[in-house]
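Novice: Following my numbering, the numbering of the sequence shown begins with 527 at its first residue and continues without gaps. Following this message is one structure expressed as structure tokens.
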Amino acid sequence: MSDLRPGQSIFTRGAVDLGALAARSQQAAATPAAGAAGPAGNGGNGGNGGFPGAPAGGGHVVDVTEANVQDEVLQKSMSQPVVVAFLAPGYPEVDQLADELAQFNAADGGSWVLARVNAQADPRLAAMFRVQSVPTVYAVVGGQPIDAFAGPVPPAQLRQWLDAVLRAGGVEVAVPDDPRLEAADDALMMGDLDEAEKAYRKILSDSPKDAAAEAGLAQVVLAKRVAGLDPQAAVAAADAAPDDLAAQLKAADVEVLGGQAEQAYQRLVNLVRRVYGDDRETVRQHLVSLFAVAGPDDPAVAAARRALASALF
527 MSDLRPGQSI FTRGAVDLGA LAARSQQAAA TPAAGAAGPA GNGGNGGNGG
577 FPGAPAGGGH VVDVTEANVQ DEVLQKSMSQ PVVVAFLAPG YPEVDQLADE
627 LAQFNAADGG SWVLARVNAQ ADPRLAAMFR VQSVPTVYAV VGGQPIDAFA
677 GPVPPAQLRQ WLDAVLRAGG VEVAVPDDPR LEAADDALMM GDLDEAEKAY
727 RKILSDSPKD AAAEAGLAQV VLAKRVAGLD PQAAVAAADA APDDLAAQLK
777 AADVEVLGGQ AEQAYQRLVN LVRRVYGDDR ETVRQHLVSL FAVAGPDDPA
827 VAAARRALAS ALF
């Protein structure tokens, strides 16, 4: 362990027994491990242990050794997430990760604790965490390790990892605006349907479950379907021919675009009750496509889904 080098290792969930650290920490507090840094180095909260970024202090950035791991990691993790970074000052990629962690910690306003360990100066603590290379970073929540990674990672990926740790620790994480989504929305508002469709599909190719992009794409598809229709004439034609499938679908489309979504949903649910076979499936799929325009959290969609289920079964 004294000759750790930057590299990759595999984290196995459950491989680290933090319950055994408490007794070892108390013993180490009385008899520090050979080679461990004292209060002026990695072990104290007044320096920065040779790490780039913010100095330890204020409770949000701490330098950890075997002697204080119980208080600074185990105890603190009971009230907020703790990110334990095993580092070795002097390696450029390790120093860069240390600096990025410190910057994200400052940006998050102390919603999590950054616990830095000099893995070369405290090899026994590194061994307890099954550290095989530096940098290795653990997330500890409620006294248990919940995730880890080894090796340098891009800042965007590190940010995503930290957000997942915060959510696991019960911390509310703000969702940043997606400039790609804003551009797609702008294209839709300007009536450039082809550009909007292209932009939404690109987002969904990268993030297939992006609800906002799904709703945006559904709006584009709907707008293209009703292009050239006279809304009043479409509704009048449907009302005059209640069994005309195509007329009913067109009327539902213009009603949704006209702000009468609940009326459109009811129109198609009633149609589901009157038709069978392939026609019923056509109406069902059309109605589901209209649900996507509003999104799954819309109360009217939830009610219409229940009505549709009742009509189908």
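Just so you know, even glycine gets a beta-carbon here, dropped at the ideal spot from N, CA and C.
#1: So for Tyr791, helix, strand or coil by DSSP?
#2: Just confirm the distance between the C-beta atoms of Ala744 and Val809, as a whole number of angstroms; I'd bet it's less than 8 Å.
#3: Taking Cβ to Cβ, would you say Ala614 is nearer than 8 Å to Ala593?
#4: Identify the continuous alpha helix (DSSP H) that holds Gln670 and give its terminal residues.
#5: Please look up how many angstroms separate the CB atoms of Asn631 and Val660, rounded, as I've assumed it's under 8 Å.
#6: Going by DSSP, which residues form a beta bridge with Val588?
#7: So what does DSSP say about Ala829, is it helix, strand or coil?
#8: Which residues share a DSSP beta bridge with Gly612?
#9: How is the alpha helix (DSSP H) around Phe817 delimited, first residue to last?
#10: Let me know the alpha helix (DSSP H) ranges lying completely inside the segment 733-786, each 4 residues or longer, listed in chain order.
#11: Can you say whether Val699 is buried or exposed, counting buried as having 16 or more other CB atoms within 10 angstroms of its CB?
#12: What does the alpha-carbon distance come out to for the pair Val798 and Leu775?
#13: To which residues of the same chain is Val657 closer than 7 Å at the C-beta, ignoring the five residues directly before and after it?
#14: Report buried or exposed for Gly668, applying the criterion of at least 16 other Cβ atoms within 10 angstroms of its Cβ.
#15: Could you tell me the distance, in whole angstroms, from the CA atom of Ala737 to the CA atom of Gly821?
#16: How is Val679 classed by DSSP in three states: helix, strand or coil?
#17: Is the segment 707-716 in contact with the segment 667-687, if contact means three or more CB pairs nearer than 8 Å?
#18: Using 10 angstroms around the beta-carbon of Gly561, count the other beta-carbons present and answer buried if the total reaches 16, otherwise exposed.
#19: What are the boundary residues of the alpha helix (DSSP H) that includes Arg650?
#20: Count the other CB atoms within 10 Å of the CB of Arg793; is the residue buried (16 or more) or exposed (fewer)?
#21: Three-state secondary structure (DSSP) at Val657?
#22: Given 8 Å as the limit, is there contact between the segment 745-752 and the segment 779-790, that is, 3 or more CB pairs closer than that?
#23: Determine the direct distance from the alpha carbon of Gln811 to that of Tyr726, and round the result to whole angstroms.
#24: Here's a check: name, in chain order, each residue in its chain whose Cβ is nearer than 6 Å to the Cβ of Leu623, leaving out the five neighbours to either side.
#25: Label Ala682 either buried or exposed according to how many other C-beta atoms from any shown protein chain fall within 10 Å of its C-beta, with 16 as the threshold for buried.
#26: Let me check understanding here. Comparing Cα to Cα, which of Ala641, Ser603, Glu598, Ser605 lies closest to Phe577?
#27: Helix or strand or just coil, what does DSSP make of Val691?
#28: CA-CA distance, Gly635 and Pro649?
#29: Would you kindly work out how many angstroms separate the C-alpha atoms of Gly785 and Leu692, rounded to a whole number?
#30: Three-state secondary structure (DSSP) at Val667?
#31: Put Ser631 into one of helix, strand or coil per three-state DSSP.
#32: May I ask you to report which of helix, strand or coil DSSP gives Val798?
Specialist: According to the structure data:
#1: helix
#2: Wrong, their Cβ atoms sit about 17 Å apart, outside the cutoff.
#3: no
#4: Not the alpha helix (DSSP H): Gln670 falls in the beta strand (DSSP E), residues 670-676.
#5: About 19 Å; that fails the 8 Å criterion.
#6: Ala641
#7: helix
#8: The question names Gly, yet the displayed sequence has Phe at residue 612. Beta-bridge pairing links Phe612 to Val643, Thr662.
#9: 803-820
#10: 737-752, 757-766, 771-783
#11: exposed
#12: 11 Å
#13: Phe612, Ala645
#14: exposed
#15: 7 Å
#16: coil
#17: no
#18: Reliability of the predicted coordinates at Gly561 is poor, the pLDDT of 41 falling under 50, and no value is obtained from them.
#19: 649-654
#20: buried
#21: coil
#22: yes
#23: 21 Å
#24: Pro661, Pro678
#25: exposed
#26: Ala641
#27: helix
#28: 31 Å
#29: 38 Å
#30: strand
#31: Sequence check: residue 631 is Asn here, not Ser. In the structure shown, Asn631 sits in a helix (DSSP, three-state: H, G or I).
#32: helix
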